[in-house]
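Quick note: the sequence shown uses this note's numbering, first residue 338, plus one each step.
Working notes, beginning with the structure itself.
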Amino acid sequence: MFVINPFASTFEECEGLSPKTLSWNTSANCCSWDGVYCDETTSEVIELDLRCSQLQGNLTYLDLSYSTFTGQIPSEISNFSKLHSLRIHCYSTGLTLGQLLKNLTQLRELELSNMGIASTIPPNFSSYLTTLHLPGTQLYGILPERVFHLPNLRLLDLSRNS
């Protein structure tokens with residue numbers, strides 16, 4: 338399980354440090370990036386150390402699809418209040434959709450598929466949503482009326498749910 342600390346950028350140990358992501362050169366191998374550690378044999382990423390990277394409140398895109406993480410997705414993901422796109426595919430979790438969405442008021446794309454969410458569909462979707470892609474997530478219940486009145490919604494996929 339991984340944990341996102343909402344107070345990570347306020348710790349004294351981070352004072353005077355720049356976010357590690359500022360030094361990342363996208364034309365270089367990611368294994369050479371500060372905070373990214375790779376297996377020397379396979380070159381697969383085995384560790385991400387993003388402490389003091391000031392992700393809290395600034396992250397706009399998060400894709401954890403096919404990451405083969407184990408454990409529950411922390412509800413603290415909802416603290417990324419400026420998140421525009423969240424994609425998680427093929428992940429077993431006990432997280433409810435309401436926990437995940439509670440602070441994601443700027444969300445434009447929500448793509449979760451083949452996940453064990455197993456909850457009702459919450460009424461609190463962002464009015465900015467253009468994509469709501471939730472197939473095979475074990476959602477159940479009646480679709481809230483508010484979903485039909487989302488002004489920007491262009492794609493709605495709730496297939497393979499109850």
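Don't be surprised by glycine CBs; every beta carbon is placed ideally from N, CA and C.
Note that this is a predicted model, so its numbers are computed, not measured.
Kindly indicate which three-state DSSP category leucine 420 falls into: helix, strand or coil? coil
Only counting the same chain, and skipping five residues up and downstream in sequence, which positions put a Cβ closer than 6 angstroms to that of glutamine 475? Hits under 6 angstroms: Gly453, Ile454, Ala455.
Other residues of its chain near leucine 438: CB distance less than 8 angstroms, five sequence neighbours each side excluded: Ser415, Leu444, Leu447, Pro459, Asn461, Phe462, Ser463
Take proline 481 as the anchor and find which of Glu384, Ser450, Gly435 has the nearest alpha-carbon. Gly435
In the DSSP assignment, find the unbroken beta strand (DSSP E) run with leucine 447 in it and report its ends. 446-452
With leucine 437 as the anchor, note down where its alpha helix (DSSP H) starts and where it stops. 434-438
Compute the distance between the beta-carbons of serine 360 and aspartate 371, then report whether it is under 7 angstroms. yes
What whole-angstrom Cβ distance do lysine 357 and leucine 401 have, given they're in contact under 8 angstroms? Between lysine 357 and leucine 401 the beta-carbon gap is near 19 angstroms, outside 8 angstroms, which marks them as no contact.
When burial is assigned at 16 or more other CB atoms within 10 Å of the CB, is leucine 396 buried or exposed? Classification of leucine 396: buried, given that the 10 Å Cβ count is 16 or more.
Straight-line CA distance for arginine 491 to threonine 442? 18 angstroms
In chain order, what residues of the same chain lie with their CB nearer than 8 angstroms to the CB of histidine 426, ignoring the 5 residues before and after it? Ser402, Tyr403, Glu448, Leu449, Ser450, Asn451, Met452
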